[in-house]
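Residue 1 is where the sequence shown starts when you use my numbering, and the numbers rise one by one after that. Think of the CB as a built atom: it goes at the ideal place given N, C-alpha and C, for glycine as much as any other residue.
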Amino acid sequence: HLQYSNMGFVVFYITHPNEEQAQNIASSLIEKRYVACANIYPVGSEYHWNGKVEKDAEWVSLCKTSYDNIERVESLVKSIHVYETPCITHWKAAANVEYEKWILKNVLR
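Structure below.
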């Protein structure tokens, strides 16, 4: 069975209008070592906007980092995101010890 640590890390969930924007933001975050990795995939979204219900195809990035980098990630994403109100959410996560160590070794500390 897997060994889990009590270190923990953070997963960011960020939506983007297209794959190019998702890749650009993920690359910027990885280049600066604000995140260790990003997974990017297409999703269907339904939401309220300006009094109407909208349905769109979007892209999501899941980015993994340390607690120390939360503000750095939020600040960078806000500064380059094209949405007026970007979805930048994050939550605490846990994983097997080796994976958590890998994340923490590969981000700015």
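With 16 other Cβ atoms within 10 Å as the buried cut-off, status of residue i
{"i": "Lys64", "result": "buried"}
{"i": "Thr89", "result": "exposed"}
{"i": "His16", "result": "buried"}
{"i": "Glu54", "result": "exposed"}
{"i": "Thr50", "result": "It is worth fixing the name first, because residue 50 is Asn in this sequence and not Thr. Exposed is the call here."}
{"i": "Asn18", "result": "exposed"}
DSSP-derived helix/strand/coil call for residue i
{"i": "Ala26", "result": "helix"}
{"i": "Glu46", "result": "strand"}
{"i": "Leu108", "result": "coil"}
Close Cβ partners of residue i (< 7 Å) along its chain, the five nearest in sequence each way excluded
{"i": "Tyr116", "result": "Nothing can be reported for residue 116, as the shown portion of the chain is limited to 1 through 109."}
Beta-carbon gap between residue i and residue j smaller than 8 Å
{"i": "Ile103", "j": "Ser28", "result": "no"}
{"i": "Ile25", "j": "Val107", "result": "no"}
{"i": "Ala22", "j": "Ile40", "result": "yes"}
{"i": "Met7", "j": "Glu98", "result": "no"}
{"i": "Phe12", "j": "Val73", "result": "yes"}
Residues near residue i in its chain [Cβ-Cβ closer than 6 Å; skip 5 each side]
{"i": "Cys87", "result": "Thr15"}
{"i": "Pro42", "result": "Trp59"}
Open item on the list: Measuring CB atoms only, is the segment 23-35 touching the segment 49-66, in the sense that at least three cross pairs come out at less than 8 Å?
Closed with: Contact between the segment 23-35 and the segment 49-66 is present, because at least three Cβ pairs lie under 8 Å.
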